[in-house]
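Colleague: The structure is given below, and queries will be raised subsequently.
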Amino acid sequence: MLIVVYILLGIFIAFMGMQYLMVLRSKRNKGKRVGQVGGKIGRAIASGGKAMVYFYSPSCRACKYQTPVIDRLISDGHKIHKVDISRDMATARKFGVMATPTTVVLSGDEIVEFLVGAKTEEKLRQFLN
């Protein structure tokens, strides 16, 4: 019985460690410049100013919570670009996205903030203002 507890504890610790490392690795993208990106996102980067890019996946549970928040912010007139990584993995790779949901705040072509996981509407509004 004790072996089962140790195995489960080991699996839990490994899972949490992987999550922590993924977030740390994603934070290293902060301050980097985004390469050539096409479409609306590329035009937004080229025009300068502040923009937000939201990466999601239809199969992601956290995205089902986060996407309506993003849609409300878009309907309020904020400059947010949604990228479904199941349809556009190339763009996600250029930004260094490793998990969904991920929200990237840009100032021109520089990554100002790299947010992994679901965030509250208030926190996202802080980065948009």
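Residue numbers (this note's numbering): 10 to 138. By construction, the Cβ of each residue, glycine as well, lies at the ideal position given by its N, Cα and C atoms. All values derive from a computational prediction rather than experimental measurement.
Are K103 and G44 closer than 7 Å when you measure CB to CB?
Modeller: Closer than 7 Å, so yes.
Colleague: What does a CB cutoff of less than 6 Å around K176 pick up in its chain, not counting 5 residues either side in sequence?
Modeller: The structure shown does not extend to residue 176, since the chain is modelled only from 10 through 138, so no value can be given for it.
Colleague: Use the C-beta contact count for L18: other C-beta atoms within 10 angstroms, 16 or more gives buried, fewer gives exposed.
Modeller: Answer is exposed; the Cβ neighbour count stays below 16.
Colleague: Does the beta-carbon of T129 have 16 or more other beta-carbons within 10 angstroms, so that it is buried, or is it exposed?
Modeller: Exposed: under 16 other Cβ atoms inside 10 Å.
Colleague: Taking the straight line between their C-alpha atoms, what separation do you get for I83 and A53?
Modeller: When rounded, the distance between both Cα atoms is 15 Å.
Colleague: Which runs of the alpha helix (DSSP H), 4 residues or longer, sit entirely within the region 59–100?
Modeller: Listed in chain order, the complete alpha helix (DSSP H) runs (minimum 4 residues) inside the region 59–100 are 70–84.
Colleague: Quick check: the region 96–113 against the region 65–85, are there 3 or more CB pairs under 8 Å?
Modeller: Touching, yes.
Colleague: What span of residues does the beta strand (DSSP E) with V32 cover, start to end?
Modeller: No beta strand (DSSP E) contains V32, which is instead part of the alpha helix (DSSP H) from 11–36.
Colleague: Expressed to the nearest angstrom, what Euclidean distance is found between the alpha-carbon atoms of L137 and N38?
Modeller: Cα-Cα distance, rounded: 19 Å.
Colleague: Pairing CB atoms from the region 92–102 with CB atoms from the region 28–42, are three or more of them under 8 Å?
Modeller: Short answer: they don't touch.
Colleague: How is the alpha helix (DSSP H) around G48 delimited, first residue to last?
Modeller: G48 -> alpha helix (DSSP H) spans 48–55.
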